[in-house]
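Chains as they are written, first to last, in our numbering: chain W, 359 to 581; chain F, 359 to 581. Using N, Cα and C, we set each Cβ at its ideal position, and we do this for glycine too. All values reported here derive from a predicted model rather than from experimental measurement. A short worksheet on the structure shown next.
2 protein chains.
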Amino acid sequence: MIKIKNVRKIYQTGVVETHALRDVSLEIKDGEFVVVLGPSGSGKSTFLNVVSGLDSVTSGHIIVDDEVITDMSDKELTNFRRRKLGFIFQSYNLLSNLTVYENIEVGKNLSHNPIEIDELLEKIGMTIEKDKYPYQLSGGQQQRVSIARALAKNPSILFCDEPTGALDETTGKQVLEVLQRLNKELNTTIVIVTHNIAIKDIADKVIHMKSGEIYEIEDNQQK
Amino acid sequence: MIKIKNVRKIYQTGVVETHALRDVSLEIKDGEFVVVLGPSGSGKSTFLNVVSGLDSVTSGHIIVDDEVITDMSDKELTNFRRRKLGFIFQSYNLLSNLTVYENIEVGKNLSHNPIEIDELLEKIGMTIEKDKYPYQLSGGQQQRVSIARALAKNPSILFCDEPTGALDETTGKQVLEVLQRLNKELNTTIVIVTHNIAIKDIADKVIHMKSGEIYEIEDNQQK
Ligand SMILES: Nc1ncnc2c1ncn2[C@@H]1O[C@H](COP(=O)(O)OP(=O)(O)OP(=O)(O)O)[C@@H](O)[C@H]1O
Ligand SMILES: Nc1ncnc2c1ncn2[C@@H]1O[C@H](COP(=O)(O)OP(=O)(O)OP(=O)(O)O)[C@@H](O)[C@H]1O
Ligand SMILES: [Mg+2]
Ligand SMILES: [Mg+2]
Numbered sequence: 359m360i361k362i363k364n365v366r367k368i369y370q371t372g373v374v375e376t377h378a379l380r381d382v383s384l385e386i387k388d389g390e391f392v393v394v395l396g397p398s399g400s401g402k403s404t405f406l407n408v409v410s411g412l413d414s415v416t417s418g419h420i421i422v423d424d425e426v427i428t429d430m431s432d433k434e435l436t437n438f439r440r441r442k443l444g445f446i447f448q449s450y451n452l453l454s455n456l457t458v459y460e461n462i463e464v465g466k467n468l469s470h471n472p473i474e475i476d477e478l479l480e481k482i483g484m485t486i487e488k489d490k491y492p493y494q495l496s497g498g499q500q501q502r503v504s505i506a507r508a509l510a511k512n513p514s515i516l517f518c519d520e521p522t523g524a525l526d527e528t529t530g531k532q533v534l535e536v537l538q539r540l541n542k543e544l545n546t547t548i549v550i551v552t553h554n555i556a557i558k559d560i561a562d563k564v565i566h567m568k569s570g571e572i573y574e575i576e577d578n579q580q581k
Numbered sequence: 359m360i361k362i363k364n365v366r367k368i369y370q371t372g373v374v375e376t377h378a379l380r381d382v383s384l385e386i387k388d389g390e391f392v393v394v395l396g397p398s399g400s401g402k403s404t405f406l407n408v409v410s411g412l413d414s415v416t417s418g419h420i421i422v423d424d425e426v427i428t429d430m431s432d433k434e435l436t437n438f439r440r441r442k443l444g445f446i447f448q449s450y451n452l453l454s455n456l457t458v459y460e461n462i463e464v465g466k467n468l469s470h471n472p473i474e475i476d477e478l479l480e481k482i483g484m485t486i487e488k489d490k491y492p493y494q495l496s497g498g499q500q501q502r503v504s505i506a507r508a509l510a511k512n513p514s515i516l517f518c519d520e521p522t523g524a525l526d527e528t529t530g531k532q533v534l535e536v537l538q539r540l541n542k543e544l545n546t547t548i549v550i551v552t553h554n555i556a557i558k559d560i561a562d563k564v565i566h567m568k569s570g571e572i573y574e575i576e577d578n579q580q581k
């Protein structure tokens, strides 16, 4: 269960004060497949970053699996994320001096219950490229490796920021099917920010954001 | 006019030989709006990079505005690109120590016939953020700045690699309208790699790629 209560996030840059999140409150149940939609700059990545403990809040509380992450120190947050959470970043964040295989292995080594690397390589269609380095991959290939690394960890909650942004329709669909099966078979909670409207059809809950606020929550109740 | 003749691009990585482009031939007329579609890894970015002189070919010839760019030295290529070409990269490539305004100004300063910065800031909806640095922007905002910088230069040929990948549908449409107007009003040649199928409707020519080859060219003849 993720509880978000009255969260505000304000960035100060010189004279400009950006209210990236304005009094956001929400609950996400275990095993839910949640999609976050909204225009560019509406606060989606910021929402994901504070809920997963990657960034601090200006005010408000966030409780994940009964732990108050807004009260944690940096060290406790790092430990918490390592134990429980998986991330697919909007900018991939691959390690440039590790091959495709080794990047995915990093994810696997962080898990008590990992998923086999060769199986994931096949699922993302990159078995042939496994010894390449990130700079030798296409944009979409880098994105797929970043997805496989997060999946290898087999986390209890997976946060994804635009995981299909660089992918064509077919490859994007394949990625979504993998995420859907993870959610159904392993009850992984999935929170996914996306512009891909096809994803909302498979979601339990669709959160619509605009100018730092949640202005609508659609409950699809797939479960 | 861009003439591409029998172009091959082979990457060698250890034992793996990747044929990123296999005997590609094509002509692009002045003022054409060309869209390149294809699955992840099919060679789209590679195609753009060799045609614009950012990368070398393994064999074949590329002639842009009567200049044989496959015969040019690095210095000549840099000069050629600076004079004639504009780029919107798949990974934005903004300068991290320059603000939004300054990043766009870099584009403007490279032109003999630039477009006004404030006008572009308004077109991309980022007037308020003009003094922010790239790390303070959302993914889609960074992409929009990278677009504005290329437009400020007002080049004769504009190469775009997935310019709307990080944008929601509405913002993406706004960007496409700006590109369309540039093409119609200033006769700018536009070559755009994208997964956004909506873009093909506004194209004069749609190039379909698969495994390093052009397997179909649709001629929409908007002109
Ligand atoms: N420097 C490199 N060394 C080795 N292989 C490379 C290199 N750059 C690209 N490739 C390979 O060339 C092929 C085509 O890559 P390219 O980036 O052109 O694809 P793309 O169509 O743009 O894909 P995407 O839609 O995912 O961006 C891929 O298989 C990629 O792994
Ligand atoms: N470090 C920062 N300093 C200042 N402003 C910031 C910072 N990070 C984000 N912002 C601002 O907060 C707002 C929300 O950003 P966020 O990245 O959450 O948007 P987003 O919904 O993910 O957008 P996109 O769809 O373009 O990725 C934007 O206006 C952005 O400029
Ligand atoms: Mg974002
Ligand atoms: Mg590409």
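Item, Value
"Report yes if the C-beta distance between K558 of chain F and I575 of chain F is below 8 Å; otherwise report no.", "no"
"Would E520 of chain F pass as an interface residue toward chain W - the criterion being a Cβ-Cβ separation below 8 Å?", "yes"
"What are the residues in the region 427–454 of chain F lying within 9 Å of chain W by C-beta distance?", "Q448 and S449"
"Examine ligand 4 and report whether any of its heavy atoms sits within less than 7 Å of the Cβ of Q499 of chain F.", "no"
"Here's the rule I'm using: 16 or more other beta-carbon atoms within 10 Å means buried, otherwise exposed. How should H553 of chain F be labelled?", "buried"
"If we require 3 or more residues per run, which beta strand (DSSP E) segments fall completely within the region 364–452 of chain F?", "374–386, 391–395, 417–422 and 443–446"
"Indicate, with yes or no, if ligand 4 has a heavy atom lying under 7 Å from the CB of K402 of chain F.", "yes"
"Which partner residues of K563 of chain W appear in the DSSP bridge assignment?", "W:V392 and W:D577"
"As a quick exercise: from W:Q501, W:R366 and W:D432, pick the residue whose alpha carbon is nearest that of M484 of chain W.", "W:Q501"
"Quick one: is E474 of chain W buried, meaning 16 or more other Cβ sit within 10 Å of its Cβ, or exposed?", "exposed"
"For E527 of chain F, go through chain W and note every residue whose CB falls closer than 8 Å to its CB, in chain order.", "H553 and I555"
"Pull up the distance between the alpha-carbon of S496 of chain F and that of D381 of chain W, whole angstroms please.", "20 Å"
"Is the distance from the Cβ of K367 of chain F to the Cβ of T416 of chain F below 8 Å?", "yes"
"Quick one: using the 10 Å Cβ neighbour count with 16 as the cut-off for buried, is S383 of chain W buried or exposed?", "exposed"
"Let me check understanding here. Comparing Cα to Cα, which of F:G401, F:Q370 and F:Y369 lies closest to D526 of chain W?", "F:G401"
"Can you tell which of W:D424, W:V374, W:K442 and W:V409 has the C-alpha that lies nearest to the C-alpha of T546 of chain W?", "W:K442"
"Rounded C-beta distance between M567 of chain F and F405 of chain F? I'm assuming under 8 Å.", "7 Å"
"Name the one or two DSSP bridge partners that L468 of chain F has.", "Paired residues: none, contrary to the question."
"Enumerate in chain order the residues of its own chain whose CB-to-CB distance from S569 of chain W is below 7 Å, with the five nearest sequence positions on each side excluded.", "S400"
"Would you call the CB atoms of C518 of chain F and I482 of chain F closer than 8 Å?", "no"
"Relative to the alpha-carbon of V392 of chain W, which residue among W:Y573, W:T428, W:D489 and W:I565 has its alpha-carbon at the smallest distance?", "W:I565"
"How would you write the range of the alpha helix (DSSP H) that I505 of chain F sits in, first residue to last?", "G497 to K511"
"Taking I550 of chain F as part of the beta strand (DSSP E), name the residues at either end of that continuous run.", "T547 to V551"
"Enumerate in chain order the residues of its own chain whose CB-to-CB distance from I462 of chain F is below 8 Å, with the five nearest sequence positions on each side excluded.", "I475, L478, L479, V503, A506, R507 and A510"
"CB of T522 of chain F to nearest heavy atom of ligand 1: below 7 Å?", "no"
"Once the 5 residues before and after G465 of chain W are set aside, which same chain residues still bring their CB inside 8 Å of it?", "G444, P472, A506, R507, A508, L509, A510 and K511"
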